[in-house]
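Engineer: Numbering (UniProt numbering), first residue to last: 1 to 292. Glycine included, each C-beta is placed from N, C-alpha and C at the ideal position.
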Amino acid sequence: MAEIKTLAVVGSGQMGSGIAQLGAVHGLDVWLVDTDPDALVRATKSISSSIQRFVSNAHLSQAAGSDALRRLKYTSNLEDLHSVDVVIEAIVESTEVKKKLFSELDKIAKASAILASNTSSISITRLASATSRPCQVIGMHFMNPPPIMKLVEIVRGADTSDETFSLTKALAERFGKIVICSQDYSGFIVNRILMPMINEAFFTLYTGVAMKEDIDAGMKLGTNHPMGPLELADFIGLDVCLSIMRVLHAGLGDNKYAPCPLLVQYVDAGRLGRKRGIGVYDYRKIPEPVKP
Ligand code: NAI
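1) Please tell me whether, using a cut-off of 7 Å, the distance from the CB of L105 to the nearest non-hydrogen atom of ligand 1 is below it.
2) Going by the C-beta, is Q265 closer than 7 Å to any heavy atom of ligand 1?
3) Shortest alpha-carbon distance to G13 belongs to which of Y74, Q52 and L28?
4) Helix, strand or coil: which one does DSSP assign to F203?
5) Kindly indicate the opening and closing residues of the beta strand (DSSP E) around D85.
6) What does DSSP give as the partner residues of N153 in its beta bridges?
7) Check whether the region 43-52 touches the region 176-185, counting contact only when three or more Cβ pairs, one atom from each stretch, lie closer than 8 Å.
8) Quick check on DSSP: helix, strand or coil for V280?
9) To which residues of the same chain is G228 closer than 7 Å at the C-beta, ignoring the five residues directly before and after it?
10) If you count every other CB in all the chains shown that lies within 10 Å of the CB of S76, and 16 or more means buried, which is it?
11) How many angstroms separate the CA atom of E79 from the CA atom of A128?
12) Note down the Cα distance separating E213 from I4, rounded to an integer number of angstroms.
13) Just to confirm, are A172 and M140 a CB contact at a threshold of 8 Å?
14) With C-beta atoms as the reference, is A2 less than 8 Å away from L81?
15) Whether or not the region 63-72 and the region 92-108 are in contact is what I'm after, with contact meaning three or more pairs of Cβ atoms, one per stretch, closer than 8 Å; do they touch?
16) Does DSSP classify D106 as helix, strand or coil?
17) On the DSSP bridge assignment, give the partners of G273 in chain order.
18) Sorted by chain position, which residues of the same chain lie with C-beta nearer than 7 Å to R271's C-beta, five sequence neighbours on each side aside?
19) Just list the alpha helix (DSSP H) runs in the region 8-34, keeping only unbroken ones of 4 residues or longer that don't cross its boundaries, in chain order.
20) Can K275 be considered in contact with ligand 1, in the sense that its beta carbon sits closer than 7 Å to one or more heavy atoms?
21) I'd like to confirm the pairing. Which residues does DSSP put opposite Y185 in its beta bridges?
Written as structure tokens, this is what we have:
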């Protein structure tokens, strides 16, 4: 493939909508796909208000913002993706659900298309095994929120080709990102280190060592982290954190990765973090922070 011109992002939640926005702002024609029509409506609103904020802050011209919005199309029909150059998957963090999607994408996408996953932790080799093109399957792990965070972690599966790697790296750099590369082991680099810390913060709360505010203040002021681990978990989504811990536990086979029972209980109770208005903290009376 000479040049990437068209992109599809599957999953229009907090990550997928941000990745689609990045693609459109950087000149690609973008399809954003979700099985849930309400999620597509939410994505349309959040992308347009995010682009408006970039325009207001003079980080984007009004004309460039309007062009980006025109380049975005929304659909619930995967068949619409038959001619795109790259698909980035950003759906729920479940191996089985993602494998099913990769198998469908393999049948629909053109032969030269790259199939990338924004997975936080799941094996790229395993997702690639659901396709007939494992050399064109790769991990492209954006950080939250994608339009702002500088990093993309690229993960090569066992069969990812050099060409797929180079095109994906060039795409991330076109988006203005700095790339790091990881081998394909559960959690890769960032979540292998971050999630056990968040899990340990839950254990610190669960065992009554300290209050949530003190745990977060300790890590913010004591180690210079911009957010405390419990606050960050609410921002990421407690369901996403739990899924990642389960992948680490199963994939690395060590009990030190067992999810904290309090994290499990919050997810069971539907306390998923900011996106649900309540997680470790209750946001229902606190306004959402303005996302750039
Ligand atoms: P989310 O829950 O905000 O959004 C997921 C979206 O996928 C939902 O709108 C859902 O309707 C849609 N979906 C589910 N199954 C689908 C299917 N088969 N086809 C099309 N759409 C489908 O989740 P979020 O937080 O955006 O995470 C998505 C992925 O990105 C996960 O793999 C997660 O691990 C990863 N990730 C999450 C980060 C975070 O901070 N939340 C950071 C980096 C990666």
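Structural biologist: On the basis of the coordinates in this document:
1) For this step, residue 105 is matched to residue 105 along the sequence shown. The answer is no for L105.
2) Position 265 of the sequence shown, counted from the first residue, corresponds to residue 265. Result no, Cβ not under 7 Å from ligand 1.
3) Numbered from 1 along the sequence shown, position 13 holds the residue referred to as residue 13. That would be Y74, whose Cα lies nearest to the Cα of G13.
4) Reading the sequence shown from its first residue, position 203 is the one you call residue 203. Residue state, collapsed to three classes: helix.
5) On the sequence shown, residue 85 is found 85 positions in, with the first residue counted as 1. Element bounds for D85: n/a, residue is neither H nor E.
6) Locating residue 153 in the sequence shown gives position 153, counting from the first residue. First, the amino acid is wrong: residue 153 is Glu here, not Asn. DSSP output for E153 lists H141 and I180 as bridge partner(s).
7) no
8) Taking the first residue of the sequence shown as 1, we reach residue 280 at position 280. In this structure, V280 counts as coil in the three-state DSSP scheme.
9) Walking along the sequence shown from the start, residue 228 turns up at place 228. Closer than 7 Å at Cβ, skipping near neighbours: I215, D216, A217, M219 and K220.
10) Taking the first residue of the sequence shown as 1, we reach residue 76 at position 76. Its Cβ having fewer than 16 others within 10 Å, S76 is exposed.
11) By one-based count along the sequence shown, residue 79 stands at place 79. By one-based count along the sequence shown, residue 128 stands at place 128. Spanning the two alpha carbons is a distance of roughly 20 Å.
12) For the purposes of this step, residue 213 is identified with residue 213 of the sequence shown, where counting begins at 1. For the purposes of this step, residue 4 is identified with residue 4 of the sequence shown, where counting begins at 1. Rounded to the nearest angstrom, the two C-alpha atoms are 46 Å apart.
13) Residue numbering aside, residue 172 sits at position 172 when the sequence shown is read from its first letter. Residue numbering aside, residue 140 sits at position 140 when the sequence shown is read from its first letter. Taking 8 Å as the Cβ cut-off, A172 and M140 qualify as a contacting pair.
14) Counting from one through the sequence shown, the residue named residue 2 turns up at place 2. Counting from one through the sequence shown, the residue named residue 81 turns up at place 81. No, these two residues do not count as a Cβ contact at 8 Å.
15) no
16) In the sequence shown, counting from the first residue as 1, residue 106 sits at position 106. Residue state, collapsed to three classes: helix.
17) Residue numbering aside, residue 273 sits at position 273 when the sequence shown is read from its first letter. Bridge partners of G273: I278.
18) Indexing the sequence shown from 1 puts residue 271 at position 271. The residues are L238, I278 and G279.
19) 14-25
20) On the sequence shown, position 275 is the one that residue 275 refers to. Indeed, a heavy atom of ligand 1 lies less than 7 Å from the Cβ.
21) For the purposes of this step, residue 185 is identified with residue 185 of the sequence shown, where counting begins at 1. For Y185, which the question treats as bridged, DSSP gives no partner whatsoever.
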